[in-house]
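Below is one structure, written out as structure tokens; comments come after it.
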Amino acid sequence: MMGNQRVSGLRIVFLSMFLVATKYVCLGAQNSTRSCHEQERQALLEFKNSVKDECKVLSSWVGTNCCSWKGVRCDGATGSVVGLHLRRNQGDAMESHHYYEECYLVGDKVNADLTELSHLEHLDLSGNYFQESQIPEFIGSFKQLSYLNLSHAGFSGIIPHHIGNLSNLKVLDLGSRYYFTQGLIANDVSWVSSLSSLDHLDLSYVNLSHAKNIDMVFHIIPSLTYLRLKYCELSDVNLGLHLNSSKILPNIQHLDLGFNHFEELPHFFLNMTCITFLDLSSYSFSLARNSLKLLNMLPSLSELHLSECGLNNAHFSPTYLNFSALPTIQYLDLSKNSIGGKFLSELMNITSLRVLLLSDNSLNSSIPVMPNLLNLDVSSNKFDNIELVGIWRQCHLIALSLSRNHIGGEMMGPSPNTSGCSQYALEMLYLDYNKLSGSVPESIGRLTNLRVLNLMYNCFTGSIPKSLERLRSLEVLDLSYNHLNGSIPESFGRLTCLKRLFLPSNRLTGAIPTSLGRLDSLQTLSVASNLLTGPIPVSVGQLTKLNDLDLSENSLEGVVFEAHFANLSMLKYLYIGPSDKLIINISHEWTPPFQSRSIIFRSCKMANEFPKWLQTQRKLRVLSLSNASLHGLLPTFFRKMSMLSILDLSYNKFSGSLINFPFSEFTETLLLQDNLFSGSLPRPLCRSTHLSILDVSSNRLSGNIPDCVGNLQDLENLILNSNRLSGVLPSSLGYMSSSLFWLKLSDNNFSGELPPDLGNLRSLQVLDLGNNEFSGSIPKWIGENVTDLMVLRLHKNNFTGGIPKSLCRCSHLQILDIAHNNLKGSIPNCFGELRGMIEEIYRGLRTIRYSPSAGVNQVMKGSQLSYTTTLNLVFNMDLSSNKLTGEIPPEVTALALLVGLNLSNNHLSGSIPDNIGNMKALNSLDLSDNQLTGLIPPSMAALNFLSFMNLSYNNLSGRIPTGNQLQTLTDPSIYAGNRDLCGAPLPNNCSNHENPPTTISKNKYEDANEPKKVWLYLDTTCGFATGFWGVIGVLSYKKQWRRKVFMVAEVTMDKVYVMVVARVSKIKRGREAK
-13 MMGNQRVSGL
-3 RIVFLSMFLV
7 ATKYVCLGAQ
17 NSTRSCHEQE
27 RQALLEFKNS
37 VKDECKVLSS
47 WVGTNCCSWK
57 GVRCDGATGS
67 VVGLHLRRNQ
77 GDAMESHHYY
87 EECYLVGDKV
97 NADLTELSHL
107 EHLDLSGNYF
117 QESQIPEFIG
127 SFKQLSYLNL
137 SHAGFSGIIP
147 HHIGNLSNLK
157 VLDLGSRYYF
167 TQGLIANDVS
177 WVSSLSSLDH
187 LDLSYVNLSH
197 AKNIDMVFHI
207 IPSLTYLRLK
217 YCELSDVNLG
227 LHLNSSKILP
237 NIQHLDLGFN
247 HFEELPHFFL
257 NMTCITFLDL
267 SSYSFSLARN
277 SLKLLNMLPS
287 LSELHLSECG
297 LNNAHFSPTY
307 LNFSALPTIQ
317 YLDLSKNSIG
327 GKFLSELMNI
337 TSLRVLLLSD
347 NSLNSSIPVM
357 PNLLNLDVSS
367 NKFDNIELVG
377 IWRQCHLIAL
387 SLSRNHIGGE
397 MMGPSPNTSG
407 CSQYALEMLY
417 LDYNKLSGSV
427 PESIGRLTNL
437 RVLNLMYNCF
447 TGSIPKSLER
457 LRSLEVLDLS
467 YNHLNGSIPE
477 SFGRLTCLKR
487 LFLPSNRLTG
497 AIPTSLGRLD
507 SLQTLSVASN
517 LLTGPIPVSV
527 GQLTKLNDLD
537 LSENSLEGVV
547 FEAHFANLSM
557 LKYLYIGPSD
567 KLIINISHEW
577 TPPFQSRSII
587 FRSCKMANEF
597 PKWLQTQRKL
607 RVLSLSNASL
617 HGLLPTFFRK
627 MSMLSILDLS
637 YNKFSGSLIN
647 FPFSEFTETL
657 LLQDNLFSGS
667 LPRPLCRSTH
677 LSILDVSSNR
687 LSGNIPDCVG
697 NLQDLENLIL
707 NSNRLSGVLP
717 SSLGYMSSSL
727 FWLKLSDNNF
737 SGELPPDLGN
747 LRSLQVLDLG
757 NNEFSGSIPK
767 WIGENVTDLM
777 VLRLHKNNFT
787 GGIPKSLCRC
797 SHLQILDIAH
807 NNLKGSIPNC
817 FGELRGMIEE
827 IYRGLRTIRY
837 SPSAGVNQVM
847 KGSQLSYTTT
857 LNLVFNMDLS
867 SNKLTGEIPP
877 EVTALALLVG
887 LNLSNNHLSG
897 SIPDNIGNMK
907 ALNSLDLSDN
917 QLTGLIPPSM
927 AALNFLSFMN
937 LSYNNLSGRI
947 PTGNQLQTLT
957 DPSIYAGNRD
967 LCGAPLPNNC
977 SNHENPPTTI
987 SKNKYEDANE
997 PKKVWLYLDT
1007 TCGFATGFWG
1017 VIGVLSYKKQ
1027 WRRKVFMVAE
1037 VTMDKVYVMV
1047 VARVSKIKRG
1057 REAK
């Protein structure tokens, strides 16, 4: 009997297990082991092959069971694919702020093979990029679809009406933020009438300005609880102001109409008794104040956004916006309005308020204590004193943002005269982008609940306060961009909750504390741009959650080896250097525990040649090994690193050809300057269609520029100078990129005439073709087509003909260097109209972010100098060593910004322009080896910045002017070869010759003084006549006077005669006595 009962019990147990197993098989599970249908698997593989997957998001899509693939969900009973969740992975982007770490799919369009997934219920392709393609019409064939999310996926064009076939749809999200695309447009939205089950609709950023039947969105879908129409270009005409309010969205809870063009609020708000969220941002209440009264009739409203609504203090009177009629309001956004002066007292009476956003207004008075308020944002206002905010009075606030104000002075602790708080609830404090000075107060340690403390971009000095060790809940500490000194406290190792530590751009000294290795939660550690010394602590290698490590721009030393990265499995961003005392000694056999996105070892010494462990980094996007003492050939595995977008191997001694480089469509920046690379530019380079910066300057490359460079449509900087390239420039250069603004081909062996197609490069700002063998005339398309040039350098070529007047149309030109050619003719008078050399134009020269070598060589002060970071400050005109004739145009003296002017070694004649003293900024002037005549203008003494001048070997004459800056130019050689010059510093004096006050030239001088000579002769004649006839005439008429005069003359002569005879007789006697 007992045995039978035992058998019966076992039967019941087995039966129960069978029923459970059967139920599991019948109902299914998300991760069912049942294989999917083969046609659906093939459809998914076709979709995979149709997209670019840089981050290997679809790497699990292998094998026969597609139900186990990431992002794919199958029905457990049938094996049919019912869910496809391929939303962009933005986790990395939220953790850090690196644009290149977001992982998303890129496709020309959505592959039509997805129509095989006929049982699809959930489709999410949001956050990917389908390159401005249209939403496919076949989307309407997924009749069982209840969730469709195509938001922010780079779609454009008209939304297909076929979406109306999805009668089971509950969630539809087509919102987009791709500003650089045309965006989605709806011509007619009548298709929404078929979506009777829709609960959630997001059409934000869709252009609805010309959409028909837009009113159907508001009264055809009674089930709708969530509606978002932000940035849809809607106006009163689209919605209609007199819609029957009894049928309008009776169940709506979330309504976002922000940033449209309404002038009056629709009256259908009166029926929305269930609404809890309302966004009317950018609606101008200043045009329709009575609309505010409508907001008083929404009794359930808990969150209200009124950003950029033109509100001022007057709008908050009970006549317009009566907050007492909104007893449930908890979240209020009043940012970017015109609320100023005193804090609004009306806001103090809202006892339900928990979050108040008042950023970007003009508040500048004391902020009262609001006991129930938890989050207050008053950033970007006009507070100038931190006491107005009363941090130490706000006991109940959890989050306080004071960023971007004008707060200066010291940050003091609580005053003993005011009643402080026994305990502070504050968890987030933002004081960044202010002018706070002095020490960070020790009283910060009283805010023991702080999770975020941001003091970046202030003027704090002194050391980091010890009291910070009391903030045991701290997760984010940002003290960057201050003037803090001293060492990093060892006590930071006790802040065990710390996730992000930012200390860059201070004056911190000493070593990196080893205690930081105990911060198990640390994800970001940045101590860049300080004065830190000593070795990198090995304990850093124990930070298992570390994502971003930036130790750059310090003076660290020692050896970095494998132990420094032993447990950094989450590391994605690594920045070390520059430091010539830091050695990277990692073995070739080492396999890193991480898959990094960016590795930068700049100006460090690599001990074991090229690091072979880099071949394991399959997700690497940025690699910099510049100035790392590397040499030899690149390893062959390097060409497989095709995901690299930024590569910097500059300032090493790599040799060989460029064949092993990973030229791909992902390559954006390639910096290879200052190496020993040889051979020609490889044609695979042209596959890098997204290449933006190419710098292979200062190598040993030879051969021609390949014709296929026209494929580089995104190129902005092409730097090929200082190689051995030759041949004629291909015409395809002119079709390379409409955005090309740096073209530097100097110091090569290029020849021939410039192809006219270069005139298509209308955005060109820098054209440097110096030190080549180009010939022909300077083309007129420079100035006619290419008008944005700021630097034109054709130095040392074989250009002939005259200087084209078209150059005068380059109104932004600040460097013109056409020296050392065979140019003839005169200097165009219109050079005096080059506005870029006359007045400051607000348009800075674009510099190359990753390439410090992209400068321009210029002859200034008699020497060739290279300008890189200071290029924006250089204004120079060099026309030297040509065969130019004629006079120096006086119009040139209008170029008031010109720092350097070199016209030497030509055949210029005439005089130096008298108004040359108007060129106040002139620092270097070289007019030597010409045929200039006349005097040196005295106005040159007004050139207060002149530190170099050469006027030698001309035909100048007269006295050298003196005074001011000319007194410092004491080298006589600068005046050599001018035979008729005199005065200091020359040895020949001017010997009583006085120069007239002003002169223009010798001939002009004589012409100008001709009337003075006439008056001189006339004065002499009149003086002689007056003296002669004044005496002789009187004696002729006065006989007595005449007799007396002769008697006096006779007596005088007798006396003189006696004196002379007596003197002679005395001399004779003296000689005879001897």
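For the sequence shown, the numbering used here assigns the number -13 to the initial residue and increments by one for each residue that follows. Virtual Cβ for every residue (Gly too), placed ideally from N, Cα, C.
Ranked by Cα distance from G872, the options S525, E739, I898 are led by I898.
Here E219 is near S195, since their CB atoms are less than 8 Å apart. Ranking Y90, C41, Q25 by CA distance to the CA of S66 puts Q25 first.
In this structure, the straight-line span from the alpha carbon of H781 to that of H617 is close to 33 Å.
For A385, the uninterrupted beta strand (DSSP E) run begins and ends at 385 to 387, by DSSP. In this structure, the CA atom of L433 is about 59 Å from the CA atom of D754. Under the 10 Å beta carbon count, K791 is surrounded by fewer than 16 other beta carbons and is classified as exposed.
Collapsing the DSSP output to three states places G69 in a strand. Per DSSP, G756 has no beta bridge partner at all.
Taking 8 Å as the cut-off, the Cβ atoms of D222 and L243 do not count as close. Looking only at R390, S267, W378, the smallest Cα-Cα distance to S366 is reached by R390. For the pair S324 and S345, the CB atoms are not nearer than the 8 Å cut-off. For M202, the secondary structure class from DSSP, reduced to helix, strand or coil, is helix. Looking at the DSSP output, S849 shares a beta bridge with M846.
Sequence-distant partners of P597 (beyond 5 residues in either direction) whose C-beta falls short of 7 Å from its own C-beta, in its chain, are I572. Closest by C-alpha distance to I570, out of D39, T64, S615, is S615. Taking N440 as reference, the option from R486, G738, A197 with the minimal CA-CA separation is R486. Taking the Cα of S717 as reference, the smallest distance to any Cα among N735, V695, S725, N734 is reached at V695. Remark: fewer than three beta-carbon pairs, one from each stretch, lie closer than 8 Å, so the segment 849 to 856 and the segment 909 to 917 are not flagged as touching. One alpha carbon belongs to T675, the other to G49, and they sit about 33 Å apart.
Following the DSSP letters along the chain, one finds G689 inside the beta strand (DSSP E) bounded by residues 686 to 689. In the DSSP assignment, D966 falls within the unbroken beta strand (DSSP E) covering 966 to 968.
Across the structure, S724 and N746 are spaced so that their CA atoms are roughly 8 Å apart. Taken atom to atom, the span from the alpha-carbon of T602 to that of S515 is near 30 Å. The residue among S425, Y443, S466 with its C-alpha nearest the C-alpha of S449 is S425. Taking C-beta atoms as the reference points, P578 and G544 fail to come closer than 8 Å. Out of L454, H893, R340, the CA that lies nearest to the CA of S866 is found in H893. Per DSSP, reduced to three states, the secondary structure at I768 is helical. Annotated as distal: A882 and I960, with beta-carbon spacing of 8 Å or more. Using a Cβ distance threshold of 8 Å, L213 and L241 count as a contacting pair.
Scanning the segment 263 to 339 from its first residue to its last, the whole alpha helix (DSSP H) runs of 4-plus residues come out as 278 to 281, 331 to 334. If you ignore the 5 residues before and after D681, its C-beta comes within less than 6 Å of the C-beta of L657, Q659, I705, S837, all in its own chain and listed in chain order. Around the beta-carbon of F248, 16 or more other beta-carbon atoms lie within 10 Å, marking it buried.
Between V203 and M629, the alpha-carbon positions lie close to 44 Å from each other. If you compare the alpha carbons of V752, G713, E396, F931 with that of L726, the shortest gap goes to V752.
The shortest CA-to-CA distance from L72 to any of G376, L109, I585, S933 is the one to L109.
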